[in-house]
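Reviewing the structure listed below.
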Amino acid sequence: MSQEHKVGTALITGASSGIGAVYTDRFAKRGYDVILVARDEARLNALASKLHAQYGIAAQVLPADLSTEAGIRAVENRLEADASITLFVNNAGIARLGALAEMPKQDISDIIQINVHAASRLAAAAARAFTPRKAGRIINVASVLALISERFNPIYNASKAFVLSLSQSMQNELSPLGIKVQAVLPGATRTEIWSRAGADISVLPPEMVMGVDEMVDAALAGFDRDEVVTIPSLPDAAEFDAFTQARLKMGPNLSRDHAAARYHTAAVA
Ligand SMILES: NC(=O)c1ccc[n+]([C@@H]2O[C@H](COP(=O)([O-])OP(=O)(O)OC[C@H]3O[C@@H](n4cnc5c(N)ncnc54)[C@H](OP(=O)(O)O)[C@@H]3O)[C@@H](O)[C@H]2O)c1
């Protein structure tokens with residue numbers, strides 16, 4: 024049996040550029056057949072041809088606009104119908120800058136539609152496909168902004184906090200069924216997302232910005248260790264573990280039959 028038949032097929036959204044394009048290259052290099060999803064068909068075709076020639080794997084393109092119901096359905100259908108798919112990289116996303124009060128309404132809708140709605144629909148489709156097989160891997164690309172609500176843009180940050188929460192809930196639900204979920208939280212990474220958002224990445228201190236190849240290779244090191252949350256920049260993983268422990272410690276007290284003592288007023292007593 025050839026290597027590609029052992030590892031199966033990876034479907035990657037946002038494969039036409041940046042993080043998704045590097046993931047596609049790396050999984051093709053590992054012997055996966057790949058299905059490339061994004062809107063720009065010419066770019067997808069060029070990358071698919073290159074990867075086929077370079078690694079000898081099968082590379083197919085699935086052009087889809089994830090801001091539309093038709094686009095989401097096309098990818099959902101593929102995830103559910105193609106039993107060769109063993110890995111789903113839920114990566115497509117957009118960013119916008121600016122204060123909430125100054126954001127165009129369409130930008131708010133677009134971020135939620137792609138980063139939250141499409142990402143959720145496709146995560147669920149992968150879960151439906153993988154559950155009967157009791158196998159499969161899902162990578163959700165979130166952002167460190169899931170953890171830093173005080174910077175950047177409120178809607179983008181919240182969309183990525185959603186992806187982190189979704190991933191942790193998915194891991195909790197799906198790992199007993201044999202499906203592994205990883206959330207990847209990149210810091211600022213040198214890709215087109217910045218110029219697409221009308222931002223100039225060069226205004227950031229260079230020590231804050233990672234190259235896209237290094238970011239994805241680090242995320243893949245976390246993937247190979249079955250990490251549930253991978254933060255490529257974070258030097259001390261114990262810091263995130265402590266954060267998680269602090270969150271879980273609150274668990275038993277987050278829903279109780281009486282208000283906490285500090286809220287006891289005449290009306291509550
Ligand atoms: N770069 C960073 O600093 C950074 C940091 C943290 C997290 N992230 C996250 O990483 C992920 C990838 O971003 P990136 O930095 O690689 O940005 P990018 O280079 O702009 O890539 C975004 C990808 O998403 C696709 N996409 C955008 N809108 C789409 C739509 N309506 N339908 C289908 N595909 C769509 C784009 O392809 P088409 O234009 O061809 O459709 C492209 O392939 C995103 O989820 C982003 O939020 C990035």
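For what it's worth, my numbering labels the leading residue of the sequence shown as 24, then goes sequentially.
Backbone N, C-alpha and C define an ideal beta-carbon position, used for all residues, glycine too.
Simplified DSSP state of residue i, which is helix, strand or coil
| i | result |
| --- | --- |
| ILE171 | coil |
| THR154 | helix |
| ASP56 | strand |
| PRO86 | strand |
| ASN180 | helix |
| THR267 | helix |
| ARG96 | helix |
| VAL164 | strand |
| LEU120 | coil |
| ALA290 | coil |
| SER25 | Reliability fails at SER25, whose pLDDT of 45 lies under 50, so the model's placement of it is uncertain and the value that follows must be treated cautiously. If DSSP states are grouped into helix, strand and coil, SER25 belongs with coil. |
| LEU110 | strand |
| LEU189 | helix |
| ILE80 | coil |
| LEU34 | strand |
| VAL232 | coil |
| ALA283 | coil |
| THR214 | coil |
| ALA69 | helix |
| VAL226 | helix |
| THR47 | helix |
| ALA206 | strand |
| VAL239 | helix |
| ALA244 | helix |
| ALA61 | strand |
When the options are compared against residue i, the one with the closest alpha-carbon
| i | options | result |
| --- | --- | --- |
| GLY37 | ALA118, ALA51, VAL60 | VAL60 |
| SER190 | ALA206, ILE202, GLY201, PRO177 | ALA206 |
| THR214 | VAL30, ASN163, GLY31, SER39 | SER39 |
| ALA220 | ILE117, VAL30, ARG53 | ILE117 |
| ASP105 | ARG53, SER218, VAL57 | VAL57 |
| ALA147 | ARG101, ILE216, LEU120 | ARG101 |
| SER164 | LEU271, ILE137, PRO177 | According to the sequence shown, residue 164 is Val rather than Ser. When only C-alpha atoms are compared, the closest one is ILE137. |
| GLU237 | LYS29, VAL30, ARG49 | ARG49 |
| PRO199 | LEU70, ASP88, PRO127, PHE153 | PHE153 |
Integer Cβ distance of residue i from residue j, believed to fall under 8 Å
| i | j | result |
| --- | --- | --- |
| SER182 | ASP133 | The pair is not a contact, with the Cβ atoms about 10 Å apart (cut-off 8 Å). |
| LEU110 | TYR179 | Incorrect: roughly 26 Å between the Cβ atoms, too far for contact. |
| ALA51 | TYR78 | 5 Å |
| ALA33 | VAL112 | 6 Å |
| ILE42 | VAL239 | 6 Å |
| ARG62 | ILE95 | That pair is no contact at about 13 Å. |
| LEU208 | VAL252 | 7 Å |
| ILE202 | GLY159 | 5 Å |
| HIS75 | ALA82 | 5 Å |
Classification of residue i by the beta-carbon crowding that lies within 10 angstroms, buried from 16 upward
| i | result |
| --- | --- |
| ILE35 | buried |
| VAL84 | buried |
| VAL186 | buried |
| MET24 | Only weak support is given to the placement of MET24: the predicted model assigns it a pLDDT of 42, under 50, and the value that follows is read from those uncertain coordinates. Per the 10 Å Cβ criterion, exposed. |
| PRO255 | buried |
| VAL226 | exposed |
| SER166 | buried |
| ILE171 | exposed |
| GLN194 | buried |
| TYR46 | buried |
| ASP130 | buried |
Cβ-heavy atom distance, residue i to ligand 2, below 7 Å
| i | result |
| --- | --- |
| VAL139 | Looking for ligand 2 in the displayed structure turns up nothing; the ligands present are ligand 1. |
request  = Could you name each continuous alpha helix (DSSP H) segment of 4 residues or more that falls completely within the stretch 124 to 149, going from the start of the chain to the end?
outcome  = 128 to 134
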